[in-house]
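Below: one structure, written as structure tokens.
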Ligand SMILES: Cc1cc2nc3c(=O)[nH]c(=O)nc-3n(C[C@H](O)[C@H](O)[C@H](O)COP(=O)(O)OP(=O)(O)OC[C@H]3O[C@@H](n4cnc5c(N)ncnc54)[C@H](O)[C@@H]3O)c2cc1C
Ligand code: SF4
Ligand code: SF4
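Residue numbers (my numbering), protein chains in the order written: chain A, 1 to 417; chain B, 418 to 837.
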């Protein structure tokens, strides 16, 4: 008899027992009085919205989509999904020019990389920021990530591509917009580390932005188009026995979970083959398939920050376990709380103040720990923490790369290329 | 991933066992699907509060009279006495102050103005030795305007029945203006986030002026402060000129959340791994032992360990589940002690004894569990998922969780009760 199961909708909103636990863990509620909170915005509101769309509340836009409510809920209610689906379904207004601009991270990236020095200089200029602030409602206090003059793929094709086929094992790499346009070094670090343990790193046939920013800004059609292009390439890669690694917790989470939950695209056949590089690498080491040899002269005190989507993935254990393997690394665990930026959210003028308030507890803890660097798996967390604390932030893969004795590691794994 | 011990469930039971094992140097991971019953805690842990409908005065003595299948009977009074004295110091290390004695119950004040037996009570909460002679004199009950999860009228009624004079007042705090805009956000835990530092000082001065106006001797207020640590409570107590005590509110429980977060932080500070928001879905058994468990998030990378502890709680936390025809343990399908006849599960009179409350997983004298009649050598159960006690009726929930967790952790450390 399974009539109970058949009465539960996709996001389990009927399972809500009104305990309010989610409200306690929502990072927005304590700071933004206009936000109704996860319980009301999620399962409570859904009941009304199903009756009449009229009950839709525009204040749902204040949700960060961090999913910390879902992690805390004892009843497995998909609160964040309910809220994002409602935003997509019921919002009347079209996304603004600003939201469209912020959402098109790859388009803006392409434009900016071509003119990187100019863009970097102008985005720092006061008059430019004032225009951004007043015309586009992008907060003038926000520091923009610098754009790199050489795209990751340009570097890869020139410097790395030729030798990748010579390795015994192979993976594909979903680099994402951030590595492509802002920080190719992370992609280079991944290639270094994977090559050192005998894995060739390959690009996907086609890669588009994972779509997280488009989903957040309700550009669903565009996000769906990109998602299908990505999945087609991922399927090819998986058919070639190459798992797809990412270095961004958000891109990885989006492709695994937001594609089916919010875009309703079935990815079940390849979902398990999309994963973070730290998970893949940790598992190789843990199963004794590869060895990492670290440099004796590496000494750093590093604090790990758990990005919200990493918390939802439940995978920070892989990144932190990898970091803890480095003998010269003095590991500090930070409380798992939201940094406040939530992708494009913190760029918007109406959110900037809340964004900084939400992150304040984290910034305080980082500064009090007197670390050399913060490690985290999310690029927007990196911008937010660097801007707000001045402490340098790196992806765990980059830290592994810095600490790795590449030659000794290649030798230990019998790699000779 | 390989650990010495994997604990399934990160409520009070799982955390206490985890802390014990980690302190002894074990490599420990806790997997916890969601938040725990501690979020609903009354501010007190009970060891044994009721026996055949009467209040228990000395739990250690009354424990000797329990039926043989009860977890306490399996432990024995001496073991319980020993562990009972270790609980408060363990919580203190985690930054949680508990007061009370296992040899003599005290009484806590419930949100509806009644007194119930308790063993250990959290810092700041109202407790008395004997409800028949209350030491409070004239009582001032204060509440924050707009906070609806606290009913001063019930407290007043309860106290006036006990012969005390009682007055109530509400105050408005500037720091709460933003919260008040949305009535549903005036919850204990949201208020508690705001009540610190200067806001507490402001609150103290308002309370002091009410004390002067009403000539009261003692203040009672809802437990709406001290979410992250005990400092706001201490600050308030040092600034209010008369004794002030907290009364538990409707859930969420601020004190219980503080305990949960503090224990969790302490476990992680000791180097334990806490996987929150993940759910154990299955296990791999070989030859009467559990080899590995898989979780929703870790997917095809199972967690291996020498020992496993099941601390998944009762129905409320999904450690047990029911469908229209059966009651079962959802992860492994372990043997469960429960009636097969649905009408026996519960009594339609909600105040009567509810049989389902004492259902739980079948377990032996060392709390090993069984799968299709076969004992699992390295899987033990602790806390609310155990069968054999009706913790609501007996007021024994906190005690059973703490005692069984400490015992099982020690057995694992001593290599006891393994393969037979
Ligand atoms: C509403 C309520 C109020 C109570 N108040 C009091 C009180 O005031 N005083 C008192 O002494 N006792 C009280 N109790 C009794 C309480 O059960 C115990 O005190 C104690 O807190 C139980 O702890 P536990 O760790 O065994 O279970 P829980 O606190 O229920 O924790 C179980 C944990 O296991 C997790 N879990 C379940 N299934 C899985 C899975 N498959 N994978 C991973 N994790 C899983 C759950 O998410 C949960 O976090 C109360 C109980 C309830 C339900
Ligand atoms: S935590 Fe889950 S069950 Fe509780 S109120 Fe929120 S959605 Fe409902
Ligand atoms: S997803 Fe994050 S911001 Fe949105 S309701 Fe949940 S906890 Fe709050």
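Built from N, CA and C at the ideal position, the CB exists for glycine as well.
My output table needs one value for residue 326 of chain A: the three-state DSSP class, helix, strand or coil. The answer is coil: DSSP assigns residue 326 of chain A none of H, G, I, E or B.
Quick check on residue 693 of chain B: buried or exposed, where buried means 16 or more other Cβ atoms within 10 Å of its Cβ? buried
Worksheet item: Taking the alpha-carbon positions, what's the residue 699 of chain B to residue 425 of chain B distance?
Response: Distance between the alpha carbons of residue 699 of chain B and residue 425 of chain B is about 11 Å.
Sort B/769, B/831, B/552 by Cα distance to residue 633 of chain B and report the nearest one.
B/552
With respect to 7 Å, is the separation between the Cβ of residue 476 of chain B and the closest non-hydrogen atom of ligand 1 below this value? no
Could you name the residues of the region 648-665 of chain B whose beta carbon sits closer than 7 Å to any beta carbon of chain A, in the order they occur along the chain?
-> none
* Please classify residue 111 of chain A: is it buried, with 16 or more other beta-carbons within 10 angstroms of its beta-carbon, or exposed? => The predicted position of residue 111 of chain A is uncertain, since its pLDDT is 47 and thus under 50; no value can be drawn from it.
With a threshold of 8 Å between beta carbons, is residue 19 of chain A in contact with chain B? So, interface residue.
- Confirm the yes/no value for this check: CB of residue 636 of chain B, any heavy atom of ligand 3, distance under 7 Å. no
Cut-off 6 Å between Cβ atoms - residues of its own chain near residue 27 of chain A, not counting five sequence neighbours on either side | If we look at residue 27 of chain A and ignore the five residues flanking it on each side, its Cβ neighbours are 338, 358.
*What residues of chain A sit near residue 675 of chain B, judged by a beta carbon separation below 7 Å?*
In chain A, no part has a C-beta under 7 Å from the C-beta of residue 675 of chain B; the shortest such distance is about 12 Å.
Item to complete: Let me know the secondary structure DSSP gives residue 333 of chain A once reduced to three states.
Response: strand
Taking 8 Å as the threshold (beta carbon to beta carbon), is residue 72 of chain A in contact with chain C? Looking for chain C here will not work: the only protein chains present are A and B.
Rounded to whole angstroms, what is the Cα-Cα separation between residue 797 of chain B and residue 727 of chain B?
6 Å
Counting only beta-carbon atoms, is residue 403 of chain B nearer than 8 Å to chain A? Lying before the first or after the last residue shown, residue 403 of chain B is absent from chain B, which here runs from 418 to 837.
Exposed or buried, what is residue 54 of chain A when buried is set at 16 or more other beta-carbons lying within 10 Å of its beta-carbon?
exposed
### Query
Can you list the residues of chain A that residue 785 of chain B reaches, using a CB-CB cut of under 7 Å?
None at all; the shortest Cβ gap to chain A is about 27 Å.
So does the region 67-80 of chain A actually touch the region 201-212 of chain A, counting three or more Cβ pairs closer than 8 Å? no
Report yes if the C-beta of residue 360 of chain A is less than 7 Å from at least one heavy atom of ligand 2; otherwise report no. Checking the Cβ of residue 360 of chain A against ligand 2 gives no.
request  = Look at the alpha carbon of residue 153 of chain A and the alpha carbon of residue 191 of chain A, and state the distance between them as a whole number of angstroms.
outcome  = The straight-line gap from Cα to Cα measures roughly 12 Å.
Q.
Which of the three DSSP states is assigned to residue 282 of chain A in this structure?
A. Helix at residue 282 of chain A.
**Q.** residue 373 of chain A in three-state terms, based on DSSP
**A.** Note: residue 373 of chain A maps to strand in three-state DSSP.
Can you confirm whether residue 16 of chain A, when its beta carbon is compared against all beta carbons of chain B, has any partner nearer than 8 Å?
For residue 16 of chain A, no Cβ of chain B is located within less than 8 Å of the residue's own Cβ.
Checklist entry - Does any CB atom of chain A fall closer than 8 Å to the CB of residue 668 of chain B? => result Interface residue (Cβ-Cβ distance to chain A less than 8 Å): residue 668 of chain B is classified as such.
Taking residue 456 of chain B as the query, report the chain A residues whose CB atoms sit under 7 Å from its CB, ordered along the chain.
Correct list: 21.
Boundaries (first-last residue) of the beta strand (DSSP E) holding residue 794 of chain B: 791-798
Original post:
What does a CB cutoff of less than 7 Å around residue 825 of chain B pick up in its chain, not counting 5 residues either side in sequence?
Top reply: 434, 726, 784, 797, 799
Just to check my reading of the structure: residue 793 of chain B and residue 705 of chain B have Cβ atoms closer than 8 Å, yes? What is that Cβ distance to the nearest angstrom?
6 Å
> So, do the region 623-639 of chain B and the region 29-48 of chain A have three or more beta carbon pairs nearer to each other than 8 Å?
Replying inline: no
*asked:* So, does the region 401-416 of chain A touch the region 681-697 of chain B, judging by three or more C-beta pairs under 8 Å?
replied: no
Q) Can you give, in chain order, each stretch of the alpha helix (DSSP H) that sits fully within the region 588-639 of chain B and has at least 4 residues? A) 594-597, 605-611, 615-631
- Query: Based on Cα-Cα distance, which residue from B/765, B/741, B/661, B/811 lies nearest to residue 555 of chain B?
  - Reply: B/661
Next on the checklist: Check whether chain A comes within 8 Å of residue 731 of chain B, counting only Cβ atoms and requiring the distance to be less than that.
Outcome noted: no
Check: In angstroms, rounded to a whole number, what distance separates the CA positions of residue 836 of chain B and residue 722 of chain B?
Finding: Residue placement at residue 836 of chain B is flagged as unreliable, the pLDDT there being 47, under the threshold of 50; the coordinate-derived value follows with that caveat. Whole-angstrom Cα-Cα distance: 15 Å.
Original post:
Taking all protein chains shown into account, do 16 or more other C-beta atoms lie within 10 angstroms of the C-beta of residue 744 of chain B, making it buried, or fewer, making it exposed?
Top reply: buried
Exercise for review: Please compile the residues from chain B whose C-beta is within a distance smaller than 7 Å of the C-beta of residue 313 of chain A.
Suggested key: Scanning chain B for C-beta atoms nearer than 7 Å to the C-beta of residue 313 of chain A yields 714, reported in chain order.
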